[in-house]
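Beneath this line is the structure, given in structure tokens, with notes to follow.
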Amino acid sequence: MATNTTLTNSLIDIGANLTHKSLKHHLPLVLQRANNAQVSHIIITGTSISGSREAIDIATRHNQEQQNVKLYST
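Counting with this note's numbering, you get residues -2 to 71 for the letters of the sequence shown.
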């Protein structure tokens, strides 16, 4: 039985690998889809030191450019 539910609170994605090479050219679309799904915050997981540095760079650039979904990094 399908039900129609409405989310009243935002969601937090606590483990997104947005540094993966398959997502680099699609990041704006991924973030728009997250926003459409009421995700308000995404924590980018670094899988190495260089990956963590890249996650910091992505989060810093993104948070300066737009306000819909906030990015954080590990």
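Glycine is no exception: its CB is placed at the ideal position from the N, C-alpha and C atoms.
Neighbourhood of residue i by C-beta distance below 6 Å, restricted to the same chain and skipping five residues each side
i   : result
I40 : I11, Y69
I9  : H38
Residue i: first and last residue of the uninterrupted alpha helix (DSSP H) it sits in
i    : result
G48  : 46 to 62
N153 : No answer is possible for residue 153: the residues shown for the chain start at -2 and end at 71.
Residue i, buried or exposed, once every other Cβ within 10 Å from all chains shown has been counted against 16
i   : result
H59 : buried
L28 : buried
L26 : exposed
For residue i, the first and last residue of its enclosing beta strand (DSSP E)
i   : result
V36 : 36 to 41
L15 : It is not in any beta strand (DSSP E) - L15 carries neither H nor E in the DSSP assignment.
K67 : 67 to 70
Chain-order list of residues whose beta-carbon lies under 8 Å from that of residue i (same chain, five-residue window excluded)
i   : result
R50 : G43
V36 : S7, L8, I9, D10, V66
Cα-Cα separation, residue i to residue j
i   : j   : result
N33 : S47 : 30 Å
L24 : K67 : 13 Å
S45 : A56 : 16 Å
Contacts around residue i, its chain only, beta-carbon distance under 7 Å, and the 5 residues preceding and following it disregarded
i   : result
I53 : S70
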